[in-house]
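Taking it in order: structure first as structure tokens, then the write-up.
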Amino acid sequence: LIPRDPRGLARTDATKLFDVFLDSLDALKLALRDVDLKVADETLKRVRRTQPLVDNWRMSLDSAISIARISPFLRKYRDELRGQVRLMRGMDLATRNLRVVVRRVDFLIRDGKPRAYLADLFAQISVATAVLAKGLEGPDALDDARAMLLNVIHQLDPKKFGIADQLREASVLLLLRPLLIDLLCASGMREDDARAELPEV
Numbered sequence: 610l611i612p613r614d615p616r617g618l619a620r621t622d623a624t625k626l627f628d629v630f631l632d633s634l635d636a637l638k639l640a641l642r643d644v645d646l647k648v649a650d651e652t653l654k655r656v657r658r659t660q661p662l663v664d665n666w667r668m669s670l671d672s673a674i675s676i677a678r679i680s681p682f683l684r685k686y687r688d689e690l691r692g693q694v695r696l697m698r699g700m701d702l703a704t705r706n707l708r709v710v711v712r713r714v715d716f717l718i719r720d721g722k723p724r725a726y727l728a729d730l731f732a733q734i735s736v737a738t739a740v741l742a743k744g745l746e747g748p749d750a751l752d753d754a755r756a757m758l759l760n761v762i763h764q765l766d767p768k769k770f771g772i773a774d775q776l777r778e779a780s781v782l783l784l785l786r787p788l789l790i791d792l793l794c795a796s797g798m799r800e801d802d803a804r805a806e807l808p809e810v
């Protein structure tokens, strides 16, 4: 008669989205480092299929919250589930922005030039997002992820890499800015505070 812990399915659906998101970031790193069009094209196909993963997480989380609301045995999980809603909303927006970034990278590398600095930025974002995913298990990971993401967002200035006058290349860097804001919001940061961390361009 005691309802099953409703967090399990929501965590499973969340993990599926994080797995695809992280795989895509790692693939972009390789595509930029090795100028691999095949990897970029495959990544573009993969991220275009991510919306059902977001929708599944949202639905399982809604169900979990409904169960926790009416069950006296599961009320203790309500705050945790509300925190996961914030994480899900941030990842939903970040995934939408990732699709835009992948399309731009796919276009950029057709000139045959490797971009090691961009590959490094994607590697940093991947590591930070992997820590963010651990926020499903406990809030401490969110603080760690936020510090790592702030380190990345402070680098997102085309002048830092000497590409301010190279529109095609600078556009990738500029598209990473809203992506980082979404990830910071997923970690629990207010959007206005996250925007305030952006370097001036």
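Everything in the sequence shown is counted per the numbering used here, starting at 610 for the first residue and increasing by one. Cβ coordinates follow ideal geometry from the N, Cα and C atoms, glycine included.
If distances are taken between C-alpha atoms only, which option among the options comes closest to residue i?
i           : options            : result
residue 770 : 730, 750, 655      : 730
residue 618 : 645, 666, 652      : 666
residue 713 : 663, 650, 669, 762 : 650
residue 808 : 790, 626, 734, 655 : 790
residue 725 : 626, 641, 660      : 641
residue 643 : 795, 721, 792      : 721
residue 747 : 715, 756, 690      : 690
residue 668 : 772, 616, 757, 793 : 616
residue 774 : 645, 635, 810      : 810
residue 698 : 759, 626, 802, 777 : 626
residue 715 : 778, 743, 793      : 778
residue 798 : 692, 765, 743      : 692
Which stretch, first to last residue, makes up the alpha helix (DSSP H) that contains residue i?
i           : result
residue 778 : 776-795
residue 756 : 749-762
residue 652 : 646-656
residue 719 : Careful: residue 719 lies outside any alpha helix (DSSP H) and carries neither H nor E.
residue 738 : 725-742
residue 661 : 660-679
Report the three-state DSSP secondary structure of residue i (helix, strand or coil).
i           : result
residue 809 : coil
residue 798 : coil
residue 622 : helix
residue 815 : This structure does not reach residue 815, given that the chain is present from 610 up to 810, and the question cannot be answered.
residue 610 : Only weak support exists for where residue 610 lies, its pLDDT of 41 falling under 50; the coordinates are left without a value.
residue 689 : helix
residue 771 : coil
residue 822 : No answer is possible for residue 822: the residues shown for the chain start at 610 and end at 810.
Does the beta-carbon distance from residue i to residue j come in below 8 Å?
i           : j           : result
residue 859 : residue 767 : Lying outside 610 to 810, the shown extent of the chain, residue 859 is not represented and no answer is given.
residue 656 : residue 701 : no
residue 728 : residue 740 : no
residue 710 : residue 788 : yes
residue 745 : residue 630 : no
residue 659 : residue 704 : yes
residue 795 : residue 695 : yes
residue 634 : residue 719 : no
residue 759 : residue 806 : yes
residue 652 : residue 677 : no
By a C-beta neighbour count over all protein chains shown, 10 Å radius and 16 as the cutoff for buried, is residue i buried or exposed?
i           : result
residue 672 : exposed
residue 679 : exposed
residue 621 : exposed
residue 610 : Note that residue 610 scores a pLDDT of 41, beneath 50, so its modelled location is shaky and nothing firm can be said.
residue 800 : exposed
What I want to know is whether the C-beta of residue i ends up closer than 7 Å to one or more non-hydrogen atoms of the ligand SAH.
i           : result
residue 722 : Questions concerning the ligand SAH fall outside what the structure shown contains, since it holds no ligand whatsoever.
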